[in-house]
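Beneath this line is the structure, given in structure tokens, with notes to follow.
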Amino acid sequence: MSSSARLQTPWKGKAKATEQDFADLNPTITYRHLLAHNLGVKDPLRVIALCDSDAFYAACEMVRLGVDKDTPLVVLQWDALIAINYPARKYGISRLKKLNLKEVKEKHPDLLVVHVATYKEGAAEPGYWDDVDTKTHKVSLDYYRRESLKIASLFKECLPDCEIEKASIDEAFFDFTKPVRKIMLERYPYLAQVPADARNGVDTPLPPPPPIQWDGLGHVIPINPPPPDEIKEEHTTASPVPEKLEEDEDPPATWHDVALLIAAELMDKAREQVRVTLGYSTSAGIARNKFLAKLSASYKKPNSQSILRNQAIPQYLRPMPFQKIRFLGGKLGNAIAEEFGASTVGDLLSITLDDMQNKFGEESIWIYEVLRGIDRSEVKEKKSTVNKSMLASKNLPKPITNASEGFHWIRVLAAELALRLNEARETSPNLWPKSLVLHARKGYEAGRSKQAPFPFTREVTVDTIAAAGDKLWKELVGTSLVTKVTSVQLAFTGIETAEPGQRSIDGFLHAGSNTKRQRDDENDTQFGSVADNNDTVTTDNSGQGQSSNLRASSFVCTRCDKRISLPSLPTSSLEEEAQLVALRQEHDDFHFAQELAKESPEDLQSVSTPVKGYPKKKKRRKEPMPLGIEKFFSRT
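Each residue of the sequence shown is one higher than the one before, counting from 1 in full-length UniProt numbering.
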């Protein structure tokens, strides 16, 4: 490469980054910062934690079975491993490897192998059966969901002043900023008043904090990590390999360190309460924002917590493979690695913001910031709302070719809906689904649905739902099938909280007003699902809180970010909900057809063939080519 060509490239080589790349690690904290009520994500005393349950599904089964914490255990869903506890990992068992149960059991007879609970016909609740078969059973993850709610509830009880955002079934973010500020003022009362001789009033910096001790609060990630050959074996693969640095004295504590210390104390007590009360071990990461809290949570596992001080951020991030960071893998990560010849965060720190944006678009500012440990996202507690629908579905490994075979799956799905609705009624006794929807689908073609009013009953049983579902199946399928049914779904829609004085009359009204509904049922609708290992249960809050008919009669597709609207306004909210569900499924089918087109034009042709009774789809306008960083993410 010529010298002139090198001057034109934005890449400046793997120059050593300076501390200016992390210029906000020790901000000046004033009385205003401490005494302010809410400074949001810009608060220099902000403290966020991420708490993750260790090998959660496996831990749930250990609690259920009452086995010792050192017992090796794995959890199966059909032939797939979905959880491996830490004792079993010592045997070299991994989800990346195909498990030969017979060989593993012969080699390790103490290994417990548990299949997740399943529904089967005739059982009102899921159970642990010896004869599980995907051809007759349906997976249930309800037990894990209930245990997750118990853990979340106990954390909320232990940390009432924290904002808590449930991130997944086994992890949550905690914003400790508010309770930490309160405790700081209690421990250091001299900070509650601005000194009379303060030169800049409330904008005067706080006096230096006293020395602090981290003993017993977990692993404090070192500011100057040891050389790689001194790293202990228990250091997890999720943690970066540190660089060799000169030995320096630990810098004096900052007020943000004090905030981290207090948060670590609170989190440690809450985690211990969860362990003692419910039997679940957890691992936590505590840092100044969500991104760093999640990274530090995996620093040492299991049953531990790690604290990332501001001063330790640079050396923690620099050696980390940047493609391990969320959203920086895949196509985008490969493009960045190829463009700049980089593999670690440190390799990219000398790339200026202008250079990054010139190559990957203005949106790439978030890449520039996350490489420097900056994350502006808030911890938002998801307010409890009534789910508008409940869906149970089964993708069938053996298609239904005889209509009578469908009644088996109707009862299996009815059991799941009955359990979920009755559980929801424990907290909201007046919950009432307005209608029951049955959907049957052939392969990847558009399916057909039937729905009927579901009158209010004080106790929803499997028999009640199955009887209504059987009627819908007869109306939808008849006595014989011309095509094979590969997916069956049963759903409640229009779930609302009925007023006590209205429940009985509403039941009569909906039970008796079938004329219009029967006319509507003549026009088949579609009901969508998200398939996961053949079995799916979903809840949907779509349509809540909309302020206009336009928004209430439409939805935004998460794949293409477009708002999809109904062609005409429905005459009732129940009809509107059913039509929206149908519209969602049709739009999902379009995206699926796009995916097939990339692999097999013949398959796309079969999917695109109109099903009898359905209108032909309009030709889609050609989408403009995405620009900047957007082109590195799949639209499907």
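All C-beta atoms, glycine included, are put in the ideal place defined by N, C-alpha and C.
Notebook entry, point to check: Do Ala403 and Val462 have their C-beta atoms closer together than 7 Å?
Noted result: With contacts defined as CB atoms closer than 7 Å, Ala403 and Val462 fail to qualify as a contacting pair.
Checklist line | 7 Å Cβ cutoff met for Pro252 and Ser281 | finding: Taking 7 Å as the Cβ cut-off, Pro252 and Ser281 do not qualify as a contacting pair.
Next item on the list: Any chance you could list the beta strand (DSSP E) runs of at least 3 consecutive residues sitting entirely within the segment 281 to 333, in chain order?
Entry: If only complete runs of 3 or more residues are kept, the segment 281 to 333 shows the beta strand (DSSP E) at 282 to 287 and 305 to 307, in order along the chain.
Note to self: Measuring only the C-alpha atoms, how far is Pro87 from Glu416?
What the structure shows: 33 Å
Check: How is the beta strand (DSSP E) around Glu165 delimited, first residue to last?
Finding: Glu163 to Ser168
Next item on the list: Just mark Leu266 as buried or exposed, buried being the case when its beta carbon has 16 or more other beta carbons within 10 Å.
Entry: Leu266 counts as buried, since at least 16 other C-beta atoms from the protein chains shown sit within 10 angstroms of its C-beta.
Checklist line | C-beta atoms of Tyr31 and Val202 nearer than 7 Å | finding: Their beta carbons are under 7 Å apart, which means Tyr31 touches Val202 by this criterion.
Item checked: Option in Lys42, Pro225, Ser296 and Ala192 with minimal Cα separation from Cys51 -> Ser296
Checklist line | Cβ shell of Ala167 (< 7 Å), same chain only, five flanking positions each side left out | finding: Once the five neighbours on either side are set aside, the close Cβ partners of Ala167 are Phe173.
Checklist line | Distance between Gly373 and residue 653 (C-alpha atoms, nearest Å) | finding: With the chain covering only 1 through 636, there is no way to say anything about residue 653.
Check: Where does Gly333 land, buried or exposed, given buried means 16+ other C-beta within 10 angstroms?
Finding: buried
Note to self: For a test of the three-state rule: what should DSSP assign to Gln357, helix, strand or coil?
What the structure shows: helix
Next item on the list: Using a Cβ cut-off of 7 Å (strictly closer), state whether His108 contacts chain C.
Entry: Among the chains in the structure shown there is no chain C, since it carries only a single protein chain.
Next item on the list: Report back the beta-carbon spacing between Ile93 and Val104 to the nearest angstrom; my notes put them in contact at under 8 Å.
Entry: 7 Å
Next item on the list: Check whether the Cβ atoms of Leu292 and Leu308 sit closer than 7 Å, and answer yes or no.
Entry: yes
Note to self: By the DSSP assignment, the beta strand (DSSP E) with Pro397 in it spans what residues?
What the structure shows: Ser389 to Ile400
Item checked: Opening and closing residue of the beta strand (DSSP E) in which Asp175 lies -> Glu171 to Asp175
Checklist line | Distance between Phe456 and Lys484 (C-alpha atoms, nearest Å) | finding: 34 Å
Margin query: For Ile223, which residues in the same chain have their Cβ closer than 6 Å to its Cβ, ignoring the five residues on either side in sequence?
Written below: Hits under 6 Å: Gln311 and Ala312.
Check: When the Cα atoms are used, what is the spatial distance from Arg271 to Phe155?
Finding: 8 Å
Margin query: Suppose the cutoff is 8 Å on Cβ atoms and the five residues either side in sequence are ignored; what does the same chain contact list for Lys562 look like?
Written below: Val556
Notebook entry, point to check: For Ala466 versus Arg411, is the C-beta distance shorter than 7 Å?
Noted result: Taking a C-beta distance under 7 Å as the contact criterion, Ala466 and Arg411 qualify as a contact pair.
Next item on the list: Have a look at Trp255 and Pro208 and give me their C-alpha separation to the nearest angstrom.
Entry: 8 Å
Margin query: Looking at the secondary structure, which residues open and close the alpha helix (DSSP H) in which Lys150 lies?
Written below: Asp142 to Cys158
Next item on the list: Measuring alpha carbon to alpha carbon, tell me which of Pro27, Leu349, Lys294 and Pro321 ends up nearest Glu165.
Entry: Lys294
Next item on the list: With DSSP collapsed to three states, give me the class of residue 661.
Entry: Beyond the ends of the chain as shown, which are 1 and 636, falls residue 661; an answer cannot be given.
Next item on the list: Sort out for me which residues DSSP pairs Glu496 with in a bridge.
Entry: Trp432
Margin query: Quick check on DSSP: helix, strand or coil for Leu73?
Written below: strand
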